[in-house]
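Number of protein chains: 2
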Amino acid sequence: MKTLAFAAPGAMGAAVAAVLSQHGARVISPLSQRSADSQQRAHAAHIIDAPEAALCDADIIFSIVPPEFALSWAQQMAPHLQAAARKPLYVDCNAISPETLQQVAAVIEATGTPFVDGAIIGLPPGEQNPDGPRFWFSGPHASQLAELSDLGLRVRIMSAENGAASALKMSYAGINKGITLLVSAMLINASRVGAAEALHEEMTESQPQILKRMKKAAPDMLPKAWRWAAEMDEIATLNQGELATDRLYQALGEVCRQLAADRRGDQRLSDLLAAFFQPDAESARAD
Amino acid sequence: MKTLAFAAPGAMGAAVAAVLSQHGARVISPLSQRSADSQQRAHAAHIIDAPEAALCDADIIFSIVPPEFALSWAQQMAPHLQAAARKPLYVDCNAISPETLQQVAAVIEATGTPFVDGAIIGLPPGEQNPDGPRFWFSGPHASQLAELSDLGLRVRIMSAENGAASALKMSYAGINKGITLLVSAMLINASRVGAAEALHEEMTESQPQILKRMKKAAPDMLPKAWRWAAEMDEIATLNQGELATDRLYQALGEVCRQLAADRRGDQRLSDLLAAFFQPDAESARAD
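If you're matching them up, the sequences are chains A and B in order. When the letters of the first sequence are read in order and numbered with my numbering, they come out as residues 667 to 953. When the letters of the second sequence are read in order and numbered with my numbering, they come out as residues 667 to 953.
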């Protein structure tokens, strides 16, 4: 039986662990310092408590943590990995730039531990996403992870170096979230000058797919705007000096922060955005 | 019979003029200094040659010119309008920001001529767009243009001030063209690090509408990137200091200029973008 270790039993980690344990794997994670809620979620996913040092005994360690902890968690694990006689495979699945990923890889590889760049795209497995997200892996050891498909995961091996899976995840998020932010900003701008109803009608006729997408995506984004800001900043580092995507995503990060500040303040911008999609506005629009 | 004047017999102007003359209107425009091609196009659209001073005898003057000439053409017409005993309705239909629109309005209104803010959204009427584009009008005199629907145009009157139609057009272009530029930039970034095939597969599964849209929009955009740059710069001025859309669209303008420069140079970026959509890449992508 495979033993798989998770850095933490977060929403994604616990949901993935549940699939793995349902398929016969043994799943371990440090639980003792977690909240009662997290411990309950971990218990439901059949995750077994283990101290960080013991994670090295697993076949594979998955790092699935908030992106800003990807590097520090690797640094925390490094002494344990260094000391381990038999090295597990360390897979970083976090939403970090290829640049940050290379830093994490350097920390792990210095301990003699094989490293894989991973990217999880999609919602956690569960009611909203019965098929689960797709797991993309790149780097010289990526092909070892093909067997995870026997444990219920949707696995894709990229024939590309470390950094490629991270770049894939960043590019995908840059497209998906970038569209939501860019369109939201324009809808707010149009609303401020009395062009909301006309823009709604125009989009109904000539951009129905984008309108439909935004009707769900804009209200979903608002409460997450603050968290998205850090992700946009990370995407801004994807640039290698050839295209102004650094400035583009820095500006999108700033839009996130402005929307988050508005939400904590008088909510004028988020009210304009919400009003754009309201049925009243639809029925009252110019004809 | 209505007489309608056009600033110039451009692609949009001539196609609209053809619809109007088919519906019984008399259409005039200055033709004498035009190229043989333009004169032939004007002739086919039943446009009658008239000097600029004579345009004031029309019921309505449509300014449909390259955006950078919207203000200078208004300034050129101002003395004629000033001198006219009976003032026509002057409609600016150009892709300009509300700010520039207000400058044009000030020039025209100073001559005692009633002014309407107009926006044309969609391709010129013709084989590719049999229903024709939509004509949006705002400002205190906009309702006078409702009768244009009897002459074959799709007219929408906005109950909003001058500037609203321009803001509508800018916002719409900001959404439509902004999506194309943002996604193109991310596709190029992903391609540069070997993640193109994976991103294509991921989008095929989870973003099929955006992928389909981009397959047409990206190659259509490349030859126009230089012209789009000026439009992105204009959209950047929509900002009123509340959202970082100024920096967002300045960055998109820069992406346009970089893509245009690449096209004139070694075409490395545009080749990467083209390769992303190529059937070969599709069949060879990771599985």
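Even for Gly, the Cβ is constructed at its ideal location relative to N, Cα and C.
Report the three-state DSSP secondary structure of ASP758/B (helix, strand or coil).
As a first step, residue 758/B must be located in the second sequence, where it is residue number 92. ASP758/B falls in the strand class under three-state DSSP.
Does DSSP put SER698/A in a helix, in a strand, or in coil?
For the purposes of this step, residue 698/A is taken as the residue at position 32 of the first sequence. Reduced to three states, the DSSP call for SER698/A is coil.
Against chain A, with Cβ distances strictly below 8 Å, would MET852/B count as a contact?
Counted from its first residue, the second sequence places residue 852/B at position 186. With 8 Å as the cut-off, MET852/B counts as an interface residue toward chain A.
Please report the straight-line C-alpha distance between ALA808/B and ASP758/B, rounded to a whole angstrom.
For the purposes of this step, residue 808/B is taken as the residue at position 142 of the second sequence. For the purposes of this step, residue 758/B is taken as the residue at position 92 of the second sequence. Going by the C-alpha atoms only, they are around 11 Å apart.
May I ask which residues mark the beginning and end of the alpha helix (DSSP H) holding LEU670/A?
As a position in the first sequence, residue 670/A is number 4, starting the count at 1. Note, LEU670/A: premise wrong, no alpha helix (DSSP H); beta strand (DSSP E) at 669-672.
Straight-line CA distance for TRP892/A to ALA917/B?
Position 226 of the first sequence, counted from the start, is the residue given in the question as residue 892/A. Position 251 of the second sequence, counted from the start, is the residue given in the question as residue 917/B. Spanning the two alpha carbons is a distance of roughly 22 Å.
By how many angstroms is the C-alpha of PRO675/B removed from the C-alpha of ALA952/A?
Looking up residue 952/A in the first sequence gives position 286. Looking up residue 675/B in the second sequence gives position 9. Bear in mind that a pLDDT of 42 at ALA952/A, under 50, signals an unreliable position, so the number given afterwards is only what the model happens to contain. Going by the C-alpha atoms only, they are around 30 Å apart.
Going straight from the alpha carbon of ALA812/B to that of ASP725/B, what length do you get?
Along the second sequence, read from residue 1 onward, the residue named residue 812/B stands at position 146. Along the second sequence, read from residue 1 onward, the residue named residue 725/B stands at position 59. Roughly 14 Å separates the two Cα atoms.
Is it buried or exposed, LYS843/B, if we count other Cβ atoms within 10 angstroms and call 16 or more buried?
The residue labelled residue 843/B in the question sits at position 177 within the second sequence. Label assigned to LYS843/B: buried.
Is the separation between the beta-carbon of LEU834/A and that of GLU868/B shorter than 8 Å?
As a first step, residue 834/A is located in the first sequence; it is residue number 168 there, counting from the start. As a first step, residue 868/B is located in the second sequence; it is residue number 202 there, counting from the start. For LEU834/A and GLU868/B, yes; Cβs fall inside 8 Å.
In the DSSP assignment, what are the bridge partners of ALA785/A?
The count along the first sequence starts at 1 and reaches residue 785/A at position 119. ALA785/A is bridged to TRP802/A.
Measure how close the beta-carbons of ILE713/B and VAL693/B come, nearest whole angstrom, since I'm counting them as under 8 Å.
Locating residue 713/B in the second sequence gives position 47, where the first residue counts as 1. Locating residue 693/B in the second sequence gives position 27, where the first residue counts as 1. Between ILE713/B and VAL693/B, the beta carbon gap of about 5 Å places them in contact (Cβ cut-off 8 Å).
Please classify ARG752/B: does DSSP put it in a helix, a strand, or coil?
In the second sequence, the residue the question calls residue 752/B occupies position 86. Here ARG752/B sits in coil by DSSP.
Three-state secondary structure (DSSP) at SER729/B?
Position 63 of the second sequence, counted from the start, is the residue given in the question as residue 729/B. Looking at SER729/B - three-state DSSP - the assignment turns out to be strand.
How many Å lie between LEU914/B and GLY840/B at the Cα?
Start at 1 with the first residue of the second sequence, and residue 914/B comes out as number 248. Start at 1 with the first residue of the second sequence, and residue 840/B comes out as number 174. Distance between the alpha carbons of LEU914/B and GLY840/B: 10 Å.
Below 9 Å on C-beta distance, what does ASN842/A contact in chain B?
Taking the first sequence and counting its residues from 1, the one referred to as residue 842/A is at position 176. Chain B residues near ASN842/A: SER872, GLN873 and ILE876.
Rounded to whole angstroms, what is the Cα-Cα separation between SER815/A and ALA740/A?
Reading the first sequence from its first residue, position 149 is the one you call residue 815/A. Reading the first sequence from its first residue, position 74 is the one you call residue 740/A. The straight-line gap from Cα to Cα measures roughly 25 Å.
Work out the CA separation of ALA710/A and SER698/A for me, nearest whole Å.
For the purposes of this step, residue 698/A is taken as residue 32 along the first sequence, with counting starting at 1. For the purposes of this step, residue 710/A is taken as residue 44 along the first sequence, with counting starting at 1. Near 15 Å, if we compare the C-alpha coordinates of ALA710/A and SER698/A.
Three or more C-beta pairs below 8 Å linking the region 793-803 of chain A and the region 928-940 of chain A:
no
Buried or exposed for ARG752/A, please, with buried defined as at least 16 other CB atoms from any protein chain shown within 10 angstroms of its CB.
Taking the first sequence and counting its residues from 1, the one referred to as residue 752/A is at position 86. Exposed.
Identify which residue in LEU721/B, GLN873/B, ALA716/B and VAL682/B has its Cα closest to the Cα of LEU789/B.
Here residue 789/B refers to the residue found at position 123 of the second sequence. A check of alpha carbon separations from LEU789/B across LEU721/B, GLN873/B, ALA716/B and VAL682/B identifies VAL682/B as the nearest.
Are any of the Cβ atoms in chain A nearer than 8 Å to that of GLY788/B?
Reading the second sequence from its first residue, position 122 is the one you call residue 788/B. It does; some Cβ of chain A falls within 8 Å.
Where does ASP953/B fall in DSSP's three states?
For the purposes of this step, residue 953/B is identified with residue 287 of the second sequence, where counting begins at 1. Residue placement at ASP953/B is poorly supported in this model, since its pLDDT is 41, which falls under 50; the coordinates are not used for a value here.
Of all the CB atoms in chain B, is at least one closer than 8 Å to the CB of ALA833/A?
Position 167 of the first sequence, counted from the start, is the residue given in the question as residue 833/A. At a cut-off of 8 Å between beta carbons, ALA833/A contacts chain B.
VAL682/B at chain A interface by Cβ criterion, 8 Å:
For the purposes of this step, residue 682/B is taken as the residue at position 16 of the second sequence. No, because no Cβ of chain A sits closer than 8 Å to the Cβ of VAL682/B.
Between PRO806/A and chain B, is the shortest Cβ-Cβ distance under 8 Å, so that the two count as touching?
In the first sequence, counting from the first residue as 1, residue 806/A sits at position 140. Proximity of PRO806/A to chain B, defined by a Cβ-Cβ separation below 8 Å, is not satisfied.
Quick check: is any heavy atom of the ligand NAD less than 7 Å from the C-beta of GLU827/A?
In terms of ligand content, the structure shown is empty, and the ligand NAD therefore cannot be addressed.
For SER936/B and ALA877/B, believed in contact at Cβ under 8 Å, the rounded distance
Position 211 of the second sequence, counting from 1, holds the residue named residue 877/B. Position 270 of the second sequence, counting from 1, holds the residue named residue 936/B. Here residue 877/B is Leu; the residue named in the question, Ala, does not match the sequence. Actually they do not touch by this definition, with Cβ atoms about 18 Å apart.
Should HIS866/A be labelled buried (16 or more other beta-carbon atoms within 10 Å of its own) or exposed?
Counting from one through the first sequence, the residue named residue 866/A turns up at place 200. Counting Cβ neighbours within 10 Å, HIS866/A comes out buried, since at least 16 surround it.
Cβ separation of LEU670/A and PHE728/A, assumed to be a contact under 8 Å, to the nearest whole Å:
Locating residue 670/A in the first sequence gives position 4, where the first residue counts as 1. Locating residue 728/A in the first sequence gives position 62, where the first residue counts as 1. Between PHE728/A and LEU670/A the Cβ distance is about 7 Å, and since that is below 8 Å, they are a contact.
Chain B residues whose Cβ lies nearer than 9 Å to that of GLN924/A
In the first sequence, residue 924/A corresponds to position 258, counting from 1. Correct list: GLU908, LEU909 and ALA910.
By how many angstroms is the C-alpha of GLN873/A removed from the C-alpha of ALA831/A?
By 1-based counting over the first sequence, the position of residue 831/A is 165. By 1-based counting over the first sequence, the position of residue 873/A is 207. Approximately 32 Å between the Cα atoms of the pair.
ASP715/A - containing beta strand (DSSP E), residue span
Counting from 1 along the first sequence, the entry for residue 715/A is found at position 49. Taken as a continuous stretch (DSSP letters only), the beta strand (DSSP E) holding ASP715/A covers 713-715.
Would you decide whether THR870/B is buried or exposed? Buried here means 16 or more other CB atoms lie within 10 Å of its CB.
Numbered from 1 along the second sequence, position 204 holds the residue referred to as residue 870/B. Taking a 10 Å sphere around the C-beta of THR870/B, we find fewer than 16 other C-beta atoms and assign the residue as exposed.
Taking all protein chains shown into account, decide if ASP783/B is buried (16 or more other Cβ within 10 angstroms of its Cβ) or exposed.
On the second sequence, position 117 is the one that residue 783/B refers to. Per the 10 Å Cβ criterion, buried.
Closer than 9 Å by beta-carbon distance: list the chain A residues that pair up with GLU827/B, in chain order.
Indexing the second sequence from 1 puts residue 827/B at position 161. Chain A residues near GLU827/B: VAL859 and GLY860.
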